[in-house]
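As structure tokens, the structure follows; a few thoughts come after it.
Protein chains: 2
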Amino acid sequence: MPLQPVNRRSVPDEVFDQVLAEVVDGEIGAGESLPSERRLAEVLGVSRPAVREALQRMAQTRLVEVRHGGATTVRDFKRFAGLDLLPQLLVRRGHLDAAVARSVLEARLAVGPAVAALAAERGGPPLAAILTETVDRLAGTDDDVERQVHALEFWDLVVDAADSLVFRLMFNSMRAAYEPALEALAPAMAEEVGQSEAYRLLTAAIGAGDPDTARAAADRVLRPATESLIAALSALSAQEDDE
Amino acid sequence: MPLQPVNRRSVPDEVFDQVLAEVVDGEIGAGESLPSERRLAEVLGVSRPAVREALQRMAQTRLVEVRHGGATTVRDFKRFAGLDLLPQLLVRRGHLDAAVARSVLEARLAVGPAVAALAAERGGPPLAAILTETVDRLAGTDDDVERQVHALEFWDLVVDAADSLVFRLMFNSMRAAYEPALEALAPAMAEEVGQSEAYRLLTAAIGAGDPDTARAAADRVLRPATESLIAALSALSAQEDDE
DNA sequence: CGTCCGCAACTGGTATTACCACTTGACCAC
DNA sequence: GTGGTCAAGTGGTAATACCAGTTGCGGACG
Chain P
1 MPLQPVNRRS VPDEVFDQVL AEVVDGEIGA GESLPSERRL AEVLGVSRPA
51 VREALQRMAQ TRLVEVRHGG ATTVRDFKRF AGLDLLPQLL VRRGHLDAAV
101 ARSVLEARLA VGPAVAALAA ERGGPPLAAI LTETVDRLAG TDDDVERQVH
151 ALEFWDLVVD AADSLVFRLM FNSMRAAYEP ALEALAPAMA EEVGQSEAYR
201 LLTAAIGAGD PDTARAAADR VLRPATESLI AALSALSAQE DDE
Chain A
244 MPLQPVNRRS VPDEVFDQVL AEVVDGEIGA GESLPSERRL AEVLGVSRPA
294 VREALQRMAQ TRLVEVRHGG ATTVRDFKRF AGLDLLPQLL VRRGHLDAAV
344 ARSVLEARLA VGPAVAALAA ERGGPPLAAI LTETVDRLAG TDDDVERQVH
394 ALEFWDLVVD AADSLVFRLM FNSMRAAYEP ALEALAPAMA EEVGQSEAYR
444 LLTAAIGAGD PDTARAAADR VLRPATESLI AALSALSAQE DDE
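Residue numbers (my numbering), protein chains in the order written: chain P, 1 to 243; chain A, 244 to 486.
Here it is, written out as structure tokens:
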């Protein structure tokens with residue numbers, strides 16, 4: 001294992017994670033109040049500004065509501081949290097949440113083809129050229145981690161070409177959830193990123209400016225791995241239910 | 244105009260907004276450094292903890308990178324920001340950004356039918372019952388604002404039934420961008436929320452457990468207003484280009 | 001007896017200050 | 001050149017005090 005940057009966690013980070021866990025695990029239900037900032041600081045053995053920073057970040061994520069003079073209350077995160085919370089929900093307590101992973105795959109399968117269609121409408125030949133270069137790099141390596149990186153690059157270019165900020169932000173959010181686990185997911189994604197031919201077909205459709213063909217080609221890139229992974233996940237969660 | 248709750252803005256909120264604006268408006272390009280916390284506090288006439296809170300929130304949104312001992316640098320928000328930034332980008336300096344609005348509409352049209360299809364697979368008859376109640380309320384009023392609220396409720400139920408956390412979080416993020424402008428958008432959305440018959444067809448398809456029909460019905464609900472609004476937006480931005 | 005005013009006693013909001021920890025770069029010894 | 005050292009600047013954390021709201025209790029007044 002190569003040397004890695006040391007993971008330095010600040011005090012507010014730690015507080016944030018602890019309070020976040022309490023909320024998403026339902027230890028403190030929606031509508032209930034958090035202890036006061038002073039109390040939290042005392043219990044956690046940190047200063048009040050540190051607690052404040054963490055709570056303000058919680059508020060920004062719409063997980064709690066702080067009211068001047070009143071108590072800080074927990075909100076229903078399933079109803080208010082945004083897509084930026086995905087990384088924290090996908091892997092909780094070091095374990096992958098199968099239901100969340102399934103929904104990531106479903107969303108990817110639904111959104112990817114739509115983005116490809118938009119890219120076909122708006123990309124043009126120069127896009128096809130750099131996409132081809134990326135697919136060449138994808139096809140030119142045997143390492144599944146590298147392949148994933150190139151596949152991400154590929155989709156990054158497609159999303160750029162789609163010229164749609166919302167899809168771009170969605171992509172960023174999902175990449176933020178995906179990248180930390182990229183190495184662990186290498187075997188799972190090998191099936192998909194090994195199909196360089198499918199990426200070439202998609203590139204051709206986008207270059208041809210044909211949205212419908214691009215949509216279908218994107219589906220063909222994403223669907224096989226999506227379906228086999230979802231099957232694997234249900235087997236996994238069924239197995240967990242037995243424990 | 245009815246009395247409204249006074250808009251209380253805290254100091255860190257204000258700082259956050261100002262720094263955010265500098266970043267998204269490109270005043271401080273990606274890779275450049277922000278002034279030090281002490282300097283910012285001095286320039287803005289606020290305390291350093293206030294600046295810190297704002298900067299930490301910027302970091303959480305992945306808009307800046309703070310390094311202990313080093314400078315705080317701006318990141319390329321188009322590449323790193325998540326969907327939670329959408330509200331800030333949709334309306335900037337009090338004006339609606341036409342390109343962003345267009346992409347919201349495009350994303351809605353792409354995602355809505357996929358969610359409806361999932362809901363059809365997983366919802367069952369009890370879902371159809373409460374959806375029908377919601378459509379009844381939608382059809383029972385002439386007020387476009389109320390209709391929008393009921394339409395949001397409708398989609399909220401559909402998203403719930405789709406049982407997919409990612410779509411739920413996407414919906415929450417987009418609702419957070421949409422709701423503040425709900426009243427202003429009433430005329431624009433009147434065409435869509437007035438078509439209660441289309442909602443009924445969608446409800447029937449979902450209740451019947453037929454994903455493909457549900458997908459098509461959802462498209463029929465969303466497409467007309469989407470296309471006419473996109474047309475209106477391009478006319479609007481063409482007009483702005485003339486100024 | 002009920003209403004309402006007003007005063008604690010909470011809560012979060014902000015500022016000040018001091019000091020610790022880390023990074024950077026310049027300078028110097030080897 | 002290489003490596004060490006040090007000073008200056010940066011963010012990280014804490015302690016403290018006070019301001020500014022909210023809440024609820026109790027007493028004064030009708």
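Backbone N, C-alpha and C fix where the C-beta goes; we use that ideal spot for every residue, glycine too.
Pick out whichever of the options has its Cα sitting closest to the Cα of residue i.
i: R335/A; options: L352/A, G269/A, F414/A; result: G269/A
i: E32/P; options: T73/P, P180/P, R200/P; result: T73/P
i: P423/A; options: G450/A, D406/A, Q391/A, V401/A; result: Q391/A
i: V401/A; options: R443/A, E349/A, A382/A; result: R443/A
i: A371/A; options: A448/A, A419/A, G437/A, V347/A; result: A448/A
i: A481/A; options: A341/A, D453/A, K321/A, V262/A; result: A341/A
i: A139/P; options: A217/P, F154/P, P125/P; result: F154/P
i: L298/A; options: H338/A, D256/A, A362/A; result: D256/A
i: R9/P; options: R310/A, V294/A, G288/A; result: R310/A
i: A441/A; options: D399/A, S471/A, T375/A, E470/A; result: T375/A
i: P187/P; options: L169/P, V145/P, P87/P; result: V145/P
i: S439/A; options: V343/A, A359/A, R380/A; result: R380/A
i: E470/A; options: R322/A, Q331/A, A344/A; result: A344/A
i: F167/P; options: V193/P, F80/P, A116/P; result: A116/P
i: N35/P; options: P49/P, V19/P, A50/P, V24/P; result: This sequence places Pro at residue 35/P; Asn is not what is there. Here the closest residue by C-alpha is V19/P.
i: Q331/A; options: A474/A, G437/A, A264/A, R351/A; result: A264/A
i: L109/P; options: A324/A, S407/A, A363/A; result: S407/A
i: L202/P; options: A218/P, G194/P, D143/P, M189/P; result: A218/P
i: K321/A; options: P467/A, L472/A, A273/A; result: A273/A
i: A162/P; options: G45/P, G82/P, R122/P; result: R122/P
i: L86/P; options: I130/P, G45/P, L169/P, G194/P; result: L169/P
Is it buried or exposed, residue i, if we count other Cβ atoms within 10 angstroms and call 16 or more buried?
i: T377/A; result: buried
i: V249/A; result: exposed
i: L479/A; result: exposed
i: E191/P; result: exposed
i: S47/P; result: exposed
i: D327/A; result: buried
i: E106/P; result: buried
i: P454/A; result: buried
i: S234/P; result: exposed
i: G70/P; result: exposed
i: V43/P; result: exposed
i: G450/A; result: buried
i: E53/P; result: buried
i: D160/P; result: buried
i: R282/A; result: exposed
i: A363/A; result: buried
i: A474/A; result: exposed
Hey, quick one: how far does the alpha helix (DSSP H) through residue i stretch, first residue to last?
i: R200/P; result: 196 to 207
i: Q331/A; result: 329 to 333
i: R322/A; result: 320 to 323
Residue i to residue j, Cα distance in whole Å?
i: T141/P; j: T61/P; result: 40 Å
i: G355/A; j: L465/A; result: 8 Å
i: G452/A; j: L395/A; result: 21 Å
i: A457/A; j: V64/P; result: 35 Å
i: A41/P; j: D76/P; result: 24 Å
i: A28/P; j: H95/P; result: The sequence given here places Ile at residue 28/P; Ala does not occur at that position. Computed Cα separation, rounded: 21 Å.
i: V15/P; j: A50/P; result: 8 Å
i: P368/A; j: A176/P; result: 37 Å
i: A184/P; j: Y178/P; result: 10 Å
i: V347/A; j: F414/A; result: 11 Å
i: R57/P; j: E37/P; result: 14 Å
i: M417/A; j: A324/A; result: 15 Å
i: L90/P; j: G194/P; result: 25 Å
i: D399/A; j: L472/A; result: 22 Å
i: A459/A; j: L182/P; result: 35 Å
i: A357/A; j: G288/A; result: 50 Å
*Can you give, in chain order, each stretch of the alpha helix (DSSP H) that sits fully within the segment 365 to 432 of chain A and has at least 4 residues?*
368 to 382, 387 to 405, 408 to 421, all fully within the segment 365 to 432 of chain A.
*Counting only runs that start and end within the segment 268 to 295 of chain A, where is the alpha helix (DSSP H) found for 4 or more residues in a row?*
280 to 287, all fully within the segment 268 to 295 of chain A.
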